[in-house]
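Residue numbers (numbering that gives the first Met the number 0): 0 to 66.
Every residue gets a Cβ at the ideal spot worked out from N, C-alpha and C, and that includes glycine.
Notes to accompany the following structure.
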Amino acid sequence: MSDLVLTLTPEVRQRLDAMAEKIERSVEDCAQIALAEFLENWEGYLQTIEALKNGEEERPVLRAVND
């Protein structure tokens, strides 16, 4: 593990503290989970965009009923 120093707005810090208390986890655990989910979401999104650009994924086509 390595350290990361973050500067949070007071609102985000209060929300993080409150959530950590509600789910009985440490603030560090909550931040770790949030960052991992952020990375997973964005990596998946960017991977999908790249695949669409390269024609690797089929794009769904929606048509109106009377077309």
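| Item | Value |
| --- | --- |
| Cα-Cα separation between Ala-33 and Pro-9, rounded to whole angstroms | 17 Å |
| Distance CB(Leu-15)-CB(Val-26) smaller than 7 Å | yes |
| N- and C-terminal bounds of the alpha helix (DSSP H) containing Asn-40 | 26-52 |
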